[in-house]
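Protein chains in written order, with the numbering used here: chain A, 1 to 278; chain B, 279 to 556; chain C, 557 to 866; chain D, 867 to 1122; chain E, 1123 to 1378. Where is the CB? At the ideal position from N, CA and C, for every residue including glycine.
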Amino acid sequence: MTLSGIAITMTDRGEALASPSSPASPPVVSVQGVDLTYGRGKSAKQVLSDISLDIGEGEFVVALGASGSGKTSLLRLLAGYERASAGRIDILDAAAGAPRPEVGVVFQHANLFPWLTIRRNAEFGLLMQRVGKRERERIAAETIAQVGLGDYGHYLPYQLSGGMKQRAAIARTLAADPRIVLMDEPFGALDAITREHLQSLVKSLWQQKRRTFFFITHDVDEALYLGTRIIVLNGSPARIGTDRPNPLSGEADSVTRLRQIPGYAAEREFLLASLESP
Amino acid sequence: MTLSGIAITMTDRGEALASPSSPASPPVVSVQGVDLTYGRGKSAKQVLSDISLDIGEGEFVVALGASGSGKTSLLRLLAGYERASAGRIDILDAAAGAPRPEVGVVFQHANLFPWLTIRRNAEFGLLMQRVGKRERERIAAETIAQVGLGDYGHYLPYQLSGGMKQRAAIARTLAADPRIVLMDEPFGALDAITREHLQSLVKSLWQQKRRTFFFITHDVDEALYLGTRIIVLNGSPARIGTDRPNPLSGEADSVTRLRQIPGYAAEREFLLASLESP
Amino acid sequence: SSSSGGKLPKEVTIGYQIIPNAELLVKTKGLAEKQFPDTRINWKAFDSGRDVNTAIASGSIDLGLAGSVPVSIGVANKLPYKVYFLHDIIGDAESLAVRNESNIASVKDLQGKKVATPFGSTAHFSLLSALKLEGVDPKTVTILDLQPQDILAAWQRKDIDAAFVWNPVLAKLTAEGGSVVVSAQQLADQGAITADVGIVRAKFAEDYPEFVKQYVSVLDSAVQAYRDNPDDVAATLAPILSTDKDDALAQTKQLVWLTSAEQADAKYLGTEKDKSGFADVLRQTGEFLVEQKQIPAAPELSVYQEAILR
Amino acid sequence: MFTRHWRLSVAAIAAALALWWGVTKLEWVNPLFVPSPASVWNAFVEICREGYKGSSLLVHAGASLKRLGTAFLIILATAIPLGLISGFFIRVRALVEPFIEFYRPLPPLAYYTLLVLWLGIGDSSKIALLTLAGFAPLYIAVASGVVRIPQDRINGARSLGASRARLFTRVIFPSCLPDIFTGVRTALGMTYTTLVAAEMVAAESGLGWMVLDASKFLRSDVIFVGIILMGVIAVLIDLSIRWLERSQVPWIGKDS
Amino acid sequence: MFTRHWRLSVAAIAAALALWWGVTKLEWVNPLFVPSPASVWNAFVEICREGYKGSSLLVHAGASLKRLGTAFLIILATAIPLGLISGFFIRVRALVEPFIEFYRPLPPLAYYTLLVLWLGIGDSSKIALLTLAGFAPLYIAVASGVVRIPQDRINGARSLGASRARLFTRVIFPSCLPDIFTGVRTALGMTYTTLVAAEMVAAESGLGWMVLDASKFLRSDVIFVGIILMGVIAVLIDLSIRWLERSQVPWIGKDS
Ligand SMILES: Nc1ncnc2c1ncn2[C@@H]1O[C@H](COP(=O)(O)OP(=O)(O)OP(=O)(O)O)[C@@H](O)[C@H]1O
Ligand SMILES: Nc1ncnc2c1ncn2[C@@H]1O[C@H](COP(=O)(O)OP(=O)(O)OP(=O)(O)O)[C@@H](O)[C@H]1O
Ligand SMILES: [Mg+2]
Ligand SMILES: [Mg+2]
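Okay, structure coming up:
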């Protein structure tokens, strides 16, 4: 509703159009002047400072930032796990403050339920939505297969490798199909091949279902491939140093192809430079 | 001592020379026909098959492989956390089978001691070696600063971001200065800038102290930048599909530079192709 | 047999204790069941008068057996029950045993020694009475609160010099280098009577006087059976006392069994309200406990006289 | 863990039995308090054949197990939900804990009288005593188990749409399973410990009563039979709980 | 957690007191067993002024606390190391646990006489009884805490050169701290619970003895004074343990 920040609405598959937030599509995520401080008194540490960010429906926002800059903290605020010390956050027109099923989260560490098999982990969100057993099992099996764990449905989390756990966690969130998906470095533990596979998976899901994504990564190429809009957190406490539409959005159908696009090198350099700015 | 496998001895800074293992420098790590099976009976799953690998003193071996291929399993065998189902592993002329201080490990997940501050975590190895308090604190402070956590020494692990925890874990192992360093995707959670910084740190430590490294990554560029020798795990159960010296070893002083070297693209393509081979 | 008009309860709960007296004989031989074919009789075993007091106050039992000390305390605290029978007068069954090595020849010699007894029991009362009768200040004696089996353990370790206790521990003490200095029998002769008392819930006694009357007659017949043939009775009681027949006989002899007719003597329950020797005993017990600072206050005699069922 | 090295356990038990035999053989302790294995065995055989004071051994064991079992079902049905809830809702905890903290350390012997007064001398007061004895340890174990659940596991579940109720059954409960098992074992020990006290008042059967009755008559052989039986039954129960734990919670100690 | 909502706790306690007052006022229960708050207060004042049966209240409380304290120090010094060791070495566990499992459920009343025989009627048998009562719960909590430590934390420490001994003091011990705190609380409850039983034998002072003695003479006002005092002391001890826990183990429930 407010005019601050930049909202991006999708025009066609993968193509982004920067515009001031239009009254036609109100932002699904609206962050207004948010501060975040951990601890109290002497041990207080301010992590985020005056963050404002509106995200429109169907946007794919990628957040970059140095290690420890505050990306995860911002995501936790959006997820309702943490409360802002100042400012206001609205998600789907309700004040943030508690986790909710419309907002799915993939954690930086897999965080699976250790007592459930991969299949049951993936079914969890559907079970909570009271989806019938048949349907639940079908969707879970499909999603597990999509992340390449088709043969591991009956394994317990501790029996999986690091990257497999991370993929299982992704499947768990995607199977529940939330309107807003928050992902915190979901592909950090994956090899190049699997990673590229999952990048296409996420991208095609986004294209098909037009969900809204907030995606943290430390990989600039990944940001340029997936995002319609890229923000960079800088400084300590962190603020949003850069917030701009991604001109390469939808231009390539894999990271490898992306690297061959004219303009890729310049854009990459620009983002690396903004990452380094204090 | 055996002649199987390929041992690589270092000739000059960063330059690798492939050679059959020379009697002059016996391998510090010797893996002979190792199998690994998890579970028993019906739920048994063979993960590694007939792995043989000799690593000479001062080598920097990088292991690549698809997610779930068995890289971590191999590292755990070398670390003495797991016992081989068949075959034989010798580390520094003693059979592997239990963790030991000569073999340092950085886990895929940080795995810090939650009750110790970052400083005390970093001091842990030195404390175990009965290094005096002064010296201990000096080395810990230095290592923490090297990984960019100079200001966070008094934090408890839960107060750090994912990437910071991972860096703290790296500092903890490096501060203890083990003769053999095993690292499992240590930079997986780091942004590009911090990552490049830590890559140089590890490389320069290796150059200065000539420790032996076994380093798992999913980033081919990182492998080409750091390794003197690269192995690729393929198949299920996994075997060593590729094991060859890295011709680019020591050729560039950062990953960015590396990409500009002629021969980089070909080498990268080759490795990506071997990753995909079944 | 319920001939004389008064109605009988459908069910009655009797709290008993394992003491070789007439009630135990009645229970063992099933005499009450024979007498009251249409009444269900539930027997509940108790360990201490304290628990009997609680049980009767909670309405869980209709009739019970407790020592004269707990009954005195109960009456002093207005527990709603009446004394209907004296199951036994404690004779030689409770005595003061001293270790021979301790050089105790009389109660007077207890000064400066360690004496054990279960507090709040009739034996405790007897010990304090003995000290008083001999003019010994209880403060000069170390009196320890020990349960019978612990008294035996402490005795073996020579932790104690003497103990006022009952069987079977008493017998073990005398067998293991001890001898009896004074018994409840001797104290009773000097007026410090202790007894095992039959009590009945006041409301129950009011509702079913006929039952109480007939039950007393059953008890009387058991007393008679014992007098006629003590050997038979000992044989019957031996298993429940976890002992053999001879020992059971010895134990029964250490208690005085009385019929209700004998108890009608003014020395015991009496027949008239103000002529009850036992009410006096209860009052004296109460006053004694007050004197010994065991309880804060005791009521006057009439309250105790009220508590004797007539 | 127990089963793999059962040989060791058996050896340890055999050694203890041998020690017992030796000690009584050499009469280091008064047989009145520590009877010889032979006499305990004889007492056991006799009790098996003829029962003890009117009831067969099976009746005694059955009576005790019935009381224990009932109390234990009540404990499971109350302490686990209440522990989960009060571990989760700080306010509930603030309301409930003063009372639990207060009654918990009270010796059963101190309040048994009150229970008898309210519930009578039947089985209900005994069961109430056993229940009270075992409730607090299980409650505490569960409540502090909840506090120890990683916050993000709960966050994650709520993000997946778990309602409060299902959060409890589907996340908090299984997360606490290891703690519940520990708590159950402690609670069982605690109830068991109270068995003799519970059977002190107006009981005529039960292993606790048997031990108590025997101790009154200095039948140390019977006391030992009772104690050993109680111990053996307890160990069997405990073993089955552990077996359940191993088969139900294989992920204990593994990183998620 | 307790402190933040202390108002709620205070309110709950006040409500309970009001209920007590009302119930006795309306004489719903026999005042012989549930005395009125006023008469309990009077008894308290009287005991404070004149003591109970020869000893002042301070002496009674002091005697109990001395016994409890000594027992508790022994428990801490034995159960924690043994729990750590047997959680870690399966063989030790196989050797030790049959005995702990066996004695644990045994009612103190069943074996107290043996302790008296071995240790006499002085304080040592009382302390031994209290120690035995509290040992098992702490041991179990610690041992199962060790089993739950993530294996890779132990692996990591050993890779950093931790010897067996230092692994215990520097890794396993702190890892188990949350379990130790839970165990300490349960064990304390257990020892406390046994206080009355312990002071049943040859005691002349102690809160447990006071309650027991009063119950023999139907002094329910004194019983209530004793129970409330025991409860209050226990709650205070528990609060300080929890305060210690909060200040020493702030990382509970946080992912490492
Ligand atoms: N405890 C276990 N029980 C059964 N299977 C296991 C266990 N641990 C690992 N595995 C299996 O072993 C295989 C290899 O796992 P490993 O962790 O070595 O892979 P990785 O190469 O390190 O993968 P990543 O790059 O994702 O970390 C996986 O398929 C996994 O399912
Ligand atoms: N519970 C906490 N208490 C105090 N400080 C905290 C806490 N959690 C996080 N921080 C601090 O907040 C800062 C930002 O952390 P955050 O996890 O948001 O970083 P990030 O951008 O996600 O980093 P990374 O890429 O390494 O995951 C860090 O400096 C960290 O030390
Ligand atoms: Mg982060
Ligand atoms: Mg791995």
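ask   = Does the distance from the CB of I458(B) to the CB of V381(B) come in under 8 Å?
value = yes
Between the CA atoms of I617(C) and K759(C) - distance to the nearest angstrom = 12 Å
request  = For the stretch 653-660 of chain C and the stretch 598-611 of chain C, state whether three or more C-beta atom pairs, one from each stretch, are separated by less than 8 Å.
outcome  = no
key: CB of V962(D) within 8 Å of CB of L942(D), strictly   = no
Check: S439(B) C-beta below 7 Å from any heavy atom of ligand 3 = yes
inquiry  = Mapping the DSSP letters down to three states, classify M406(B) as helix, strand or coil.
reply    = helix
ask   = Out of E847(C), R866(C) and G842(C), which has the shortest C-alpha to C-alpha gap to K634(C)?
value = G842(C)
request  = Mind reading off the beta-carbon distance from N246(A) to A169(A)? Whole number of angstroms is fine, and I expect it under 8 Å.
outcome  = The pair is not a contact, with the Cβ atoms about 25 Å apart (cut-off 8 Å).
query = Which runs of the alpha helix (DSSP H), 4 residues or longer, sit entirely within the stretch 1232-1263 of chain E?
reply = none
ask   = Roughly how far, in whole angstroms, is the beta-carbon of L468(B) from the beta-carbon of G505(B), given that I think they are within contact range, below 8 Å?
value = Going by Cβ atoms, the distance from L468(B) to G505(B) rounds to 18 Å, so no, they are not a contact pair.
query = Is it the case that the CB of D497(B) approaches a heavy atom of ligand 4 more closely than 7 Å?
reply = no
task = Please report the Cβ distance between L77(A) and A84(A), rounded to the nearest whole angstrom; I am assuming they are in contact, meaning their Cβ atoms lie under 8 Å.
result = 6 Å
ask   = W711(C): buried (16+ other C-beta within 10 angstroms of its C-beta) or exposed?
value = buried
ask   = How close, in whole Å, do the beta carbons of S351(B) and E360(B) come, if the pair is a contact with beta carbons under 8 Å?
value = 7 Å
Cα-Cα separation between V1145(E) and S1161(E), rounded to whole angstroms = 14 Å
task = Answer yes or no: the CB of Q1017(D) versus the heavy atoms of ligand 3, is any distance below 7 Å?
result = no
inquiry  = So if I threshold CB-CB distances at 8 Å, which residues from the stretch 489-518 of chain B count as touching chain E?
reply    = none
query = When the cut-off is 8 Å and only beta carbons count, does G317(B) lie next to chain E?
reply = no
task = Using a Cβ cut-off of 7 Å, pull out every chain D residue sitting near P724(C), in sequence order please.
result = F1083 and L1084
ask   = Which same chain residues, not among the five before or five after V846(C), have their C-beta less than 8 Å away from its C-beta?
value = P852, A853 and A854
inquiry  = Quick check on V430(B): does DSSP put it in helix, strand or coil?
reply    = Inspection of the sequence shows that residue 430(B) is occupied by Tyr rather than by Val. The answer is helix: DSSP assigns Y430(B) an H, G or I state.
Cβ-based neighbour list, R1307(E), same chain, cut-off 7 Å, excluding 5 preceding and 5 following = D1360 and I1363
ask   = What residues are listed by DSSP as bridge partners for S735(C)?
value = V654(C)
query = Looking at the unbroken alpha helix (DSSP H) that takes in P1300(E), where does it start and where does it end?
reply = F1295 to A1320
Nearest-angstrom Cα separation, counted from V772(C) out to A1309(E) = 51 Å
request  = Determine the extent of the beta strand (DSSP E) in which I494(B) is found, giving its start and end residues.
outcome  = T490 to I494
query = So, does the CB of K563(C) fall closer than 8 Å to a CB anywhere in chain E?
reply = no
inquiry  = Let me make sure I understand the geometry here. Which of W887(D), G953(D), N896(D) and A927(D) has the alpha-carbon closest to that of I1093(D)?
reply    = A927(D)
query = Just curious, the alpha helix (DSSP H) that G382(B) is in, first and last residue?
reply = Counting along the chain, G382(B) falls outside any alpha helix (DSSP H), though it belongs to the beta strand (DSSP E) covering V381 to V384.
task = Residues of the stretch 669-680 of chain C with a CB closer than 8 Å to any CB of chain E: list them in chain order, please.
result = A672, F675 and G676
inquiry  = Please state the DSSP three-state secondary structure of I575(C).
reply    = coil
inquiry  = For D368(B) and L331(B), I'd like the C-alpha separation in whole angstroms.
reply    = 10 Å
task = To the nearest angstrom, report how far apart A820(C) and Q770(C) are at their CA atoms.
result = 16 Å
ask   = Should L1141(E) go down as buried or exposed, given a rule of 16 or more other Cβ atoms within 10 Å for buried?
value = exposed
Per-residue burial, S624(C) [other beta carbons within 10 Å of its own, 16 or more giving buried] = buried
request  = Pick helix, strand or coil for Q32(A), following the three-state DSSP scheme.
outcome  = strand
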